[in-house]
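Undergrad: Questions regarding the structure given below will be posed in turn.
Numbering (our numbering), first residue to last: 973 to 1194.
Printed below as a string of structure tokens:
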């Protein structure tokens, strides 16, 4: 059990310290992942940015994710869920575009005019405040690996073993503090798990942003 996201991030940082990173970059999945990412970036003397991916939902059921799409448009689909739900090509095209539009809105909101951090040749640490199905993380990893990083490390406070095993196969190293035998929801593993708003995400990113970009980010969230 973690006290809060900062406690979880410090435990992750302890497991990562001493590793020989190359120009490290922490990429955090909003919203809660940015709180984790900010602590990791400070502890590891790394840059911080967001990696944006959105879940693809089942038709008529916004609570059920069948996959995810990344900022560059790559789609990850759950190989088991998608066939059972009978997803049509038309539905997937529409849902993909809807989520890509939302990703573009989030990029502008969180980062303003600042360009995404370069990834090529760097040690990239991808984080969130936990993983359930892993769909969002899978889509994010596809997009990151397409940009030729030196290595990709996934750092997560808590994840079920089956999801973690899928992620291990798609990165160079996966670090997870807690892998419970029984998993219900991410929030069950935190004593304090408040919602993280847009303004908090922007504020954390601004603390790692060169001064010339701060004004643009501030206007985006106003």
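Glycine included, each C-beta is placed from N, C-alpha and C at the ideal position.
1. Counting only the same chain and skipping the five closest in sequence on each side, list residues whose C-beta sits under 6 Å from that of residue 987.
2. If contact is defined by three or more beta carbon pairs under 8 Å, each pair taking one atom from either stretch, is the region 978-985 in contact with the region 1116-1130?
3. Would you call the region 1102-1116 and the region 1131-1140 touching, i.e. three or more CB-CB distances under 8 Å?
4. Run the CB neighbour count on residue 1092, radius 10 Å, all protein chains shown included, and call it buried at 16 or more, exposed below.
5. Are there 16 or more other CB atoms within 10 angstroms of the CB of residue 1060, so buried, or fewer, so exposed?
6. What did DSSP end up calling residue 1020 once you bin it into helix, strand or coil?
7. Hey, out of 994, 1021 and 1057, whose CA is closest to residue 1038's CA?
8. Got a sec? Which residues, its chain only, sit under 6 Å from residue 1184 by beta carbon, not counting five neighbours each side?
9. By the 10 Å Cβ neighbour count, where 16 or more other Cβ atoms means buried, how is residue 1094 classified, buried or exposed?
10. Using a 10 Å radius around the Cβ and a threshold of 16 neighbouring Cβ atoms, would you call residue 1159 buried or exposed?
11. Any idea what DSSP makes of residue 1039, helix, strand or coil?
12. Restricting to Cα atoms, I'd like to know which of 992, 1027 and 1032 is closest to residue 1045.
13. Could you work out which residue in 1108, 1121 and 1120 is closest to residue 1139 when comparing CA atoms only?
14. For residue 1100, is the classification buried or exposed, using 16 other Cβ atoms within 10 angstroms of its Cβ as the cut-off for buried?
15. Enumerate in chain order the residues of its own chain whose CB-to-CB distance from residue 1089 is below 7 Å, with the five nearest sequence positions on each side excluded.
TA: Once the coordinates are examined:
1. 1147
2. yes
3. yes
4. exposed
5. exposed
6. strand
7. 1057
8. Because residue 1184 sits at a pLDDT of 36, beneath the cut-off of 50, its placement in the model cannot be relied upon, and the point is left open.
9. buried
10. exposed
11. strand
12. 1027
13. 1108
14. buried
15. 997, 1019 and 1021
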